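Chains as they are written, first to last, in my numbering: chain A, 1 to 137; chain B, 1001 to 1022.
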């Protein structure tokens, strides 16, 4: 049968930063071809096709929370595969190889993670799941 | 075929979206 693609509306202007991305304008309608968990979605808009940040899109119909997993306050263990320095107040700075707990996997690719007493957003593309169960203390 | 997604983190949500979440 025909493949029905999900439609989303662009909520803010976005200028592409590579040839694999497309530029979007507020109010544009796009169809989603693929959703990467790292927060980049492959979409088509008119005749253009390319990657765009999921956070610049909202679903045309239906509640947006429906496809997002609930937070898991117990945390899931992941290891950082790349260092990242916080650029905003609500982000965490972490070095490569640090073990952290993922609390909330947000569709925009900026997951909420916990390291000791600190909690903040971190790029999911720099995280690798350890597969270990968290030790209960 | 689809190219792999960009290897840099996507931009954070625009201000409007963050207000909605808050």
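Note that the Cβ used here is the ideal one computed from N, Cα and C, for glycine as well.
All values derive from a computational prediction rather than experimental measurement.
Note down the Cα distance separating residue 20 (chain A) from residue 122 (chain A), rounded to an integer number of angstroms.
Counted from its first residue, the first chain places residue 20 (chain A) at position 20. Counted from its first residue, the first chain places residue 122 (chain A) at position 122. Computed Cα separation, rounded: 23 Å.
Express the C-alpha separation of residue 23 (chain A) and residue 51 (chain A) in angstroms, rounding to a whole number.
Counting from 1 along the first chain, the entry for residue 51 (chain A) is found at position 51. Counting from 1 along the first chain, the entry for residue 23 (chain A) is found at position 23. Approximately 9 Å, taken between the alpha carbons.
CA-to-CA distance, residue 76 (chain A) to residue 1010 (chain B), given in whole angstroms:
Walking along the second chain from the start, residue 1010 (chain B) turns up at place 10. Walking along the first chain from the start, residue 76 (chain A) turns up at place 76. About 22 Å.
Taking the C-alpha atoms as reference points, what is the distance between residue 26 (chain A) and residue 13 (chain A)?
Stepping through the first chain from its first residue, residue 26 (chain A) is reached at position 26. Stepping through the first chain from its first residue, residue 13 (chain A) is reached at position 13. Rounded to the nearest angstrom, the two C-alpha atoms are 5 Å apart.
Cβ distance (whole Å) where residue 1014 (chain B) is taken to contact residue 11 (chain A) below 8 Å
Counted from its first residue, the second chain places residue 1014 (chain B) at position 14. Counted from its first residue, the first chain places residue 11 (chain A) at position 11. Sure, about 7 Å apart at Cβ, within 8 Å.
Does residue 1013 (chain B) have its Cβ less than 8 Å from a Cβ in chain A?
Numbered from its first residue, the second chain carries residue 1013 (chain B) at position 13. Cβ-Cβ to chain A under 8 Å: yes for residue 1013 (chain B).
Could you tell me which of A:128, A:69, A:97, A:88 sits nearest to residue 107 (chain A), measuring between CA atoms?
For the purposes of this step, residue 107 (chain A) is taken as residue 107 along the first chain, with counting starting at 1. Comparing Cα-Cα distances from residue 107 (chain A) to each of A:128, A:69, A:97, A:88, the minimum goes to A:69.
CA nearest to the CA of residue 90 (chain A), picked from A:9, A:80, A:101, A:119
The residue given as residue 90 (chain A) occupies position 90 in the first chain. Among A:9, A:80, A:101, A:119, the Cα nearest to that of residue 90 (chain A) is on A:119.
Using a Cβ-Cβ distance under 8 Å, would residue 7 (chain A) count as near chain B?
Position 7 of the first chain holds residue 7 (chain A). No, because no Cβ of chain B sits closer than 8 Å to the Cβ of residue 7 (chain A).
Same chain, Cβ closer than 6 Å to residue 44 (chain A), neighbours up to 5 away in sequence not counted
Numbered from its first residue, the first chain carries residue 44 (chain A) at position 44. Excluding residues within five positions, the ones whose Cβ falls inside 6 Å are 31.
Residue 73 (chain A): contacting residues in chain B (beta-carbon distance under 8 Å):
The residue you call residue 73 (chain A) lines up with position 73 of the first chain. Result: empty, since nearest Cβ-Cβ is about 18 Å, beyond 8 Å.
Any chain B beta carbon closer than 8 Å to residue 44 (chain A)
Start at 1 with the first residue of the first chain, and residue 44 (chain A) comes out as number 44. It does not; no Cβ of chain B falls within 8 Å.
Exposed unless 16 or more other CB atoms sit within 10 angstroms - verdict on residue 137 (chain A):
The residue given as residue 137 (chain A) occupies position 137 in the first chain. Note that residue 137 (chain A) has pLDDT 47, beneath the 50 cutoff, so the model's placement of it is unreliable and the number below is only indicative. Exposed: under 16 other Cβ atoms inside 10 Å.
Contact list for residue 53 (chain A) against chain B, beta-carbon separation under 7 Å
Locating residue 53 (chain A) in the first chain gives position 53, where the first residue counts as 1. Within chain B, the residues near residue 53 (chain A) are 1010, 1011.
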